[in-house]
Structures are given as structure tokens and as C-alpha cells.
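Mapping of the sequence shown onto my numbering: position 337 corresponds to residue 349, and the numbering continues sequentially without gaps.
C-beta atoms are modelled at their ideal positions from N, C-alpha and C, and glycine is treated no differently.
Before any comments, here is the structure.
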Amino acid sequence: MKNIANIKVTDRILNLREYYLNNSPMSVNRDLTPWHCHRTRLLYLEGYAKADWYKATTLRMRFSLAERYLLSNMKPVIIKGELITGQPDLHPFTEEEKAKFWEYERKSHMMPVKRGRDSHLAMDYELLLKEGIDGILNILNKKIEELDLENGLNTEKYEYYTCCIEELEGLKTLAQNYADEALRLAQSSKGNEKEEYLALYETLKQVPIHPARSFREALQAVHTYTWSLFDIYSYGKVDYFLYPYYKHDIDNGIITKEEAQELVDSFILQSISNMSAWAAEGLMLGGRDKDGKPVENELTWHFLNAITHTRLPDPNIGFCVTDQTSEEIFNFAIKVIKSGNAQPSIWNSDAVTRSMIKNGYEAEHANMFTLSTCVEVTPIGCSGVSITSPYINLLKIFLQSFEKCDNNTSFEEIFETFKADFKIYAKKEMLNENLWQLERRRNGRDPMRASVLIHDCIEKGNSHDSGAAKYNFIEPNILGMQNTSESLNCIYRLVFKDKKLTLEDFKEALKENYEGKYEELRIFIINKIAHFGTSDGISDKIQKGVSDMVLETFSGMTTVRGAKVIPGAFSYRDHEMHGRNTSASPDGRKEGMPLNDGSCPVQGYDDKGPTLSLMSTASWEPSRFLGGTSVNVQLNEDTSEEKIAALIKGYLKTEGAQLQFNIVNVETLKDAQKNPEKHRDLLVRIGGYSDFFVKIPKGLQDEIISRTHNKF
13 MKNIANIKVT
23 DRILNLREYY
33 LNNSPMSVNR
43 DLTPWHCHRT
53 RLLYLEGYAK
63 ADWYKATTLR
73 MRFSLAERYL
83 LSNMKPVIIK
93 GELITGQPDL
103 HPFTEEEKAK
113 FWEYERKSHM
123 MPVKRGRDSH
133 LAMDYELLLK
143 EGIDGILNIL
153 NKKIEELDLE
163 NGLNTEKYEY
173 YTCCIEELEG
183 LKTLAQNYAD
193 EALRLAQSSK
203 GNEKEEYLAL
213 YETLKQVPIH
223 PARSFREALQ
233 AVHTYTWSLF
243 DIYSYGKVDY
253 FLYPYYKHDI
263 DNGIITKEEA
273 QELVDSFILQ
283 SISNMSAWAA
293 EGLMLGGRDK
303 DGKPVENELT
313 WHFLNAITHT
323 RLPDPNIGFC
333 VTDQTSEEIF
343 NFAIKVIKSG
353 NAQPSIWNSD
363 AVTRSMIKNG
373 YEAEHANMFT
383 LSTCVEVTPI
393 GCSGVSITSP
403 YINLLKIFLQ
413 SFEKCDNNTS
423 FEEIFETFKA
433 DFKIYAKKEM
443 LNENLWQLER
453 RRNGRDPMRA
463 SVLIHDCIEK
473 GNSHDSGAAK
483 YNFIEPNILG
493 MQNTSESLNC
503 IYRLVFKDKK
513 LTLEDFKEAL
523 KENYEGKYEE
533 LRIFIINKIA
543 HFGTSDGISD
553 KIQKGVSDMV
563 LETFSGMTTV
573 RGAKVIPGAF
583 SYRDHEMHGR
593 NTSASPDGRK
603 EGMPLNDGSC
613 PVQGYDDKGP
623 TLSLMSTASW
633 EPSRFLGGTS
643 VNVQLNEDTS
653 EEKIAALIKG
663 YLKTEGAQLQ
673 FNIVNVETLK
683 DAQKNPEKHR
693 DLLVRIGGYS
703 DFFVKIPKGL
713 QDEIISRTHN
723 KF
């Protein structure tokens with residue numbers, strides 16, 4: 013497949029990339045999310061206020077009428093040169109619009125608050141491409157016709173189908189408006205530009221209203237449906253469900269591989285056209301299909317190649333590796349990583365699948381998993397899973413437990429006190445999450461139209477917010493787990509094994525934030541103690557014990573929908589945010605410093621090389637944490653592709669679940685802090701997501717610099 017790997021990026025893609033970087037929600041306002049773009053918000057609030065009293069019989073119907081109004085009244089935005097199109101309208105308000113917006117915004121507190129984690133799932137795009145919106149509307153209308161409405165128990169189903177129909181009719185109007193805009197642009201253009209707008213018009217006239225017939229139409233249909241939900245969704249395994257359309261067009265001479273690459277690049281670019289900072293869409297490559305057969309084809313290569321063509325943090329791209337993944341494509345993925353893109357992340361497909369099956373997933377859905385957009389594991393087209401619900405600062409709980417201990421407390425008693433306190437805290441948090449899920453049954457969270465592509469919602473006549481999806485796990489996320497185990501490691505060695513100080517001495521050092529006479533203690537902890545991340549037997553055993561305790565605590569809990577609670581242990585920027593409000597800890601961390609990044613050892617403590625660091629990480633069996641793990645590895649720019657490949661293969665053999673890389677020198681990062689204009693395109697992995705280094709806060713920049721950077 014070297015012919016695909018050698019396809020060069022086109023000027024069209026470079027020009028569009030530059031435009032999107034300067035005119036997307038990310039660039040207009042780093043904290044602006046697509047669902048809070050002022051024009052989007054104004055139309056939604058206006059639609060809610062204007063909803064027909066007779067149609068808006070229930071609150072959910074009113075929400076769906078607001079969605080229809082929003083979709084029907086959005087201004088189409090088509091940028092010159094686009095092959096795939098669709099993004100929010102960001103042009104400024106007029107004074108009249110501004111006044112109207114704030115009038116509605118002041119009244120919006122009267123609307124019920126929608127609770128809980130939204131989106132972060134992959135829909136059944138195969139159904140969309142096969143049926144189109146009209147086909148799905150036919151299914152929904154038939155369901156209504158079949159309802160016995162003399163039986164009051166069917167009322168909720170009627171509400172659900174009606175809401176979905178209203179929203180899909182709005183989406184049809186949006187699609188038609190885009191087609192009309194493309195035709196208008198064609199009529200006012202000449203030459204090649206006119207031909208391009210006419211081709212875009214033909215695409216938009218067909219999809220997503222009707223079934224996709226070509227590769228371009230399939231890409232456009234998927235993009236339109238996804239971006240119009242105004243939230244964070246995963247495309248799932250694009251090289252699986254899009255491949256038949258690609259193969260048809262290639263085999264029949266409809267497009268060349270060069271044209272296919274430009275279409276894939278255009279599709280990838282659209283993610284940043286409608287996504288803010290601190291968020292990303294996602295997709296997965298490789299792995300297996302529902303029958304367990306390997307997924308690897310020319311489209312896999314095209315999407316990997318698109319990473320180097322677009323050089324963006326969004327979408328978040330994972331590459332699933334199995335024992336049947338070819339050396340050729342594995343090595344190409346390494347080449348892409350080595351080029352400093354911070355993508356793709358590497359996933360142990362079979363290890364994750366085995367863990368999913370152990371937790372109750374059917375084999376076909378466990379084979380067809382995807383990242384939820386970040387690193388949480390979710391099945392494709394059947395997920396009502398709530399991720400990062402909530403974030404739990406494990407270190408903070410441990411420090412509160414440690415405060416209860418005195419010089420008469422044994423090491424075992426410290427751990428048991430911590431275990432009991434964590435259980436109390438976890439129960440309280442899960443009660444709150446279940447209350448939020450209960451509220452979602454009443455008021456919803458995601459737009460109803462998302463659920464028509466989630467099984468078994470249409471079949472059951474209710475949305476995934478009401479628990480109608482096939483899988484409904486809650487995945488709380490643990491922060492600071494390695495800080496906690498490292499704290500226990502330091503306490504065990506200094507107090508109980510080597511008897512260098514008492515528990516009260518340690519508590520006093522923490523109160524003083526390791527300052528004054530306690531600075532020497534901190535230096536000793538950092539430089540002399542054997543840490544987790546060096547394949548040390550004691551620290552590895554303690555970390556395994558802490559991870560076991562977390563899993564055991566949640567194993568006895570269920571959701572309000574009757575599903576399991578399965579934690580994750582990763583971070584994006586949250587380890588830095590939570591660290592600001594966490595006091596000094598026994599692992600040598602001072603007050604306000606970041607927690608460990610994601611699923612990794614404490615920053616700088618894995619100083620014996622990446623192989624031993626990953627051996628330590630594998631020891632706690634991270635694949636058990638389906639709520640997501642993010643294992644960051646920092647390597648110097650001169651690290652060979654062969655060494656990176658060997659490191660990955662070694663980790664995957666240990667059942668390690670996920671791995672991601674920053675291939676950048678510390679000197680480069682420090683220079684980027686001083687001269688950001690010289691490093692505008694420098695991409696880094698923070699945790700579950702990536703970002704441009706010069707655009708993230710200095711606290712996060714410093715945290716990335718503090719990680720162990722391996723000369724390997």
C-alpha cells in the first residue's frame with residue numbers, strides 16, 4: 013500500500029486547514045463549544061419559546077420542536093474549495109440579535125436543567141447510509157401506525173417516535189438548505205469553481221436524506237448527521253463501514269486513490285471546523301469486525317495518511333492492533349506517530365475485547381468497540397454508556413484518610429481506612445449519577461435523533477437517555493491513582509520498612525508543604541525511593557492493590573438502569589485542574605502540583621526507561637478499566653521507528669490496553685514556551701486528547717515538560 017502512503021497533500025487541503033484554524037470555534041473562542049455557539053443557542057432558545065402549544069404537549073416534545081426550529085433556520089455555511097461541508101454559523105450578532113439573545117438567555121433558567129454526561133458514543137452509521145433520513149422516517153411512521161393508542165402504556169412510545177420525526181424533519185430542511193446554497197453558489201460562479209459547486213450540490217441533494225451511493229456521499233452523510241448534533245461523537249470504525257462505498261468507486265473508476273485521499277482529508281478537516289478546544293470527535297481504525305475478522309484495507313491507509321496531511325488534534329484517532337495486523341500497516345502507523353502528530357493512539361484490540369466480554373458484552377459488540385472520542389471504551393451503535401461520570405480525585409480521598417491515622421496505625425490499617433472512605437465517597441457519587449440518570453428519563457439529554465441510530469431504541473420505543481440502548485454502563489473516572497499508590501509506597505518504605513520517620517512526622521511534612529526542614533525529605537523521596545514505573549516489585553504490588561480496590565468497590569454497584577459500573581483511570585486536562593486544589597501528598601508532590609497524567613506513573617518517577625515503565629503499568633492490568641486508560645510515552649525525536657515498534661509490541665504482549673506517544677524533545681517544548689510563534693503546529697498528547705502545545709495553559713505545558721522524556 014506504499015502507493016497510498018506516498019500520496020501528497022493537496023493545496024486545497026492546506027488552504028482549508030489554514031482557514032479552519034482561523035475561523036473555527038477553536039480559534040474564535042478556545043472555550044466556545046459548538047452547542048454553545050451564540051447563533052446555535054439563540055435559534056434553540058427561540059424555537060423553545062415559539063413551540064406550538066398543541067404540539068409541545070410534553071417537555072420532551074418541546075425540546076424536539078426547538079431542535080427542529082434550530083435545524084430549519086440555521087444559515088448554511090459553505091467554504092470555497094470544500095468537498096465535504098457543514099459547520100456552525102459564527103458571524104457576529106447584529107445589535108437586534110444580541111438584544112434578543114440576552115432576552116432569551118435571561119429566561120433560560122426557567123428551562124429544566126439537563127443532567128449527566130452527554131454524547132461520547134458512536135452511532136450506527138451503516139443504517140443511515142443504507143436508509144437515509146427518509147428511510148428512517150418511514151420506519152418511525154410505521155411504528156406509530158402499529159401502536160395501539162387505546163392502550164395508554166404505548167403513550168411514551170408515541171412521544172418518542174413523534175420527537176424523532178420532528179427532529180429528522182428539521183434535519184431534512186437543513187440538508188435541503190445546504191443543497192440550495194451550493195446551487196446558488198454554482199449559479200454565481202464560473203469555470204472549475206462552478207463545476208465543484210454543482211458536484212457539491214448533487215451530493216447534498218442526495219444525502220443524508222436519501223441512501224448514499226458513493227464514497228463522497230457516504231462521507232458527507234456521516235458528517236452532516238454528526239455535526240448537526242452539536243456535540244462530541246465518535247465515528248466508530250470508519251475503515252469498516254465506509255469501505256464498501258470506497259471499493260465500489262475505486263473498482264468502477266469513479267474516483268482515483270488520489271481523489272479518495274483528498275476526500276478523506278476533507279472529512280478529517282471538518283472535525284475542526286465545528287469543534288472547540290478541550291473536545292474532539294473520534295474514530296477507530298483496524299481491529300476486528302463483528303465476526304472477529306481483521307479490519308485492514310486501503311481505507312485504513314488513507315485515514316492514517318490523513319493524519320500527516322492535516323496535522324490536527326481533532327479528530328482523536330485510534331489504531332487497533334491484533335495478532336493478525338500486517339507488519340506493513342503497523343510500521344506505517346509507527347511512521348505516522350514518529351512524525352510528531354501525537355496520533356494515532358495504539359489499542360490492543362483483543363485485550364479490550366476480552367475485557368468487554370468478561371463484563372457482559374456480546375462478542376460481536378466487543379469486537380466492534382471504539383473510543384468514545386477520548387479513550388473510554390464503548391460499543392458501536394448500541395451504547396447508552398455514560399463516561400467520566402463523575403471524575404473522582406482518588407488522592408484527595410486518600411489524604412483525608414491519612415489525616416485520621418496516627419503513630420499507632422499500621423500500614424494495613426491505613427489502607428483499610430482509605431478503602432472504607434473511598435467506598436463511602438463512591439456510593440455518594442454513584443447515587444448522584446443515578447439521580448441524574450433518573451432525571452434524564454424525564455427531560456432527556458441528547459437530541460432524540462441521535463437515538464434512532466442506537467440499538468435498541470427504535471425497537472423499544474424510547475431513547476438511550478431513558479435506558480433503551482442495549483448497553484447502559486456508567487463509567488466513573490479515577491484521577492490521581494498513581495499518586496495514591498506512590499504515596500502508599502513512600503509511607504510503607506519510610507515509616508514501616510526503613511523507619512526513617514513516623515506517621516506524625518510525615519503528616520507534619522505535608523502540612524508544611526515540604527518546606528523548610530522538610531525539603532530534604534522531598535528530595536530523598538524523589539531521588540532515593542524505588543518508585544512505581546521502574547518495575548519495582550513493592551511499588552507495582554501496591555499499585556495493583558489500589559487498582560483492585562477501585563474495581564472491587566464499584567463491582568457491587570449498579571445503575572438506575574440496572575447496568576454495571578465500570579471505572580476508567582485517565583485524564584485529559586483534569587489532572588492539572590484537580591491538582592491545583594489538592595494539598596501536598598506523601599509521594600513528594602507539593603500542594604497545587606498536577607496529579608499524575610492519565611494512567612501513567614508520577615511525572616519523572618519512571619526514570620529507568622520506557623520498557624520498565626510500561627512493565628509497571630501492565631502490572632495493574634489496565635484493560636480491566638473499560639472506562640478508559642491513557643498511557644503516555646514521551647520519546648526524543650531521534651528515537652528510531654524500530655525501537656518504537658518493539659516498545660509497542662512488548663507492551664501489547666502484556667495485555668496492555670492503550671498507548672500514545674509524544675515524540676518531541678524537552679528543548680523543543682521549552683523553546684515553544686518562549687517562542688510560540690515558531691511552534692504554531694507543535695502537537696502534544698495531554699491525556700485522552702491532543703492539542704497544539706502553544707495554545708494550552710502554561711500549567712499544562714509545564715506538566716508535559718515535567719514528564720519523563722526518554723532517550724531510547
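Mapping DSSP to helix, strand and coil, what is residue i?
i, result
"R127", "coil"
"L383", "strand"
"I392", "strand"
"T570", "strand"
"F423", "helix"
"A63", "coil"
"T45", "Confidence at T45 is low in this model, with a pLDDT of 49, below 50, so the placement of that residue should be treated as unreliable; the coordinate-derived value is given next. Three-state DSSP puts T45 in coil, outside helix and strand."
"I717", "helix"
"M13", "coil"
"T268", "coil"
"I221", "coil"
"P688", "helix"
"N309", "coil"
"K710", "helix"
"Y252", "helix"
"K112", "helix"
"T577", "According to the sequence provided, residue 577 is Val. The question's Thr does not apply to it. Correct three-state label for V577: strand."
"N501", "helix"
"S285", "helix"
Please state if the CB of residue j and the CB of residue i are separated by a distance shorter than 9 Å.
i, j, result
"P256", "T236", "no"
"N353", "L626", "no"
"S595", "N525", "yes"
"H314", "V21", "no"
"G294", "S246", "yes"
"N495", "L406", "yes"
"A462", "S131", "yes"
"N455", "R127", "yes"
"R505", "D477", "no"
"L57", "F113", "yes"
"V706", "H691", "yes"
"L297", "V234", "no"
"E487", "L638", "yes"
"L95", "E376", "no"
"F724", "L659", "yes"
"A63", "Y81", "yes"
"E667", "K556", "no"
"M561", "F434", "yes"
Thinking residue i and residue j are a contact (beta carbons under 8 Å), I'd like their distance in whole angstroms, please.
i, j, result
"E498", "V645", "Incorrect: roughly 19 Å between the Cβ atoms, too far for contact."
"V643", "Q670", "6 Å"
"P356", "A363", "In fact, because the Cβ distance is near 17 Å, the residues do not count as touching under 8 Å."
"D136", "L465", "5 Å"
"M493", "V389", "Rounded, the Cβ-Cβ distance is 17 Å, inconsistent with contact."
The beta strand (DSSP E) spanning residue i covers which residue range?
i, result
"N696", "In the sequence as displayed, the identity of residue 696 is Val instead of Asn. Unbroken beta strand (DSSP E) run through V696: 695 to 697."
"L297", "294 to 298"
"N360", "357 to 360"
"D703", "702 to 704"
"N405", "398 to 405"
The alpha helix (DSSP H) with residue i in it runs from where to where?
i, result
"Y32", "23 to 35"
"T106", "Unbroken run through T106: none, as it is neither H nor E."
"Y255", "255 to 263"
"N150", "137 to 158"
"Y213", "203 to 218"
"S84", "71 to 85"
"R196", "167 to 199"
"S463", "460 to 463"
"R592", "586 to 592"
"E229", "227 to 239"
query: Curious, which full-length alpha helix (DSSP H) runs of at least 4 residues does the stretch 469 to 497 contain?
result: 469 to 472
Q | alpha helix (DSSP H) segments (min. 4 residues) lying fully within the stretch 504 to 559 | A | 515 to 523, 531 to 540
- request: Could you name each continuous beta strand (DSSP E) segment of 3 residues or more that falls completely within the stretch 605 to 681, going from the start of the chain to the end?
  value: 644 to 647, 670 to 675
task: Counting only runs of 3+ residues fully inside the stretch 317 to 362, write out the beta strand (DSSP E) ranges in chain order.
output: 328 to 333, 357 to 360
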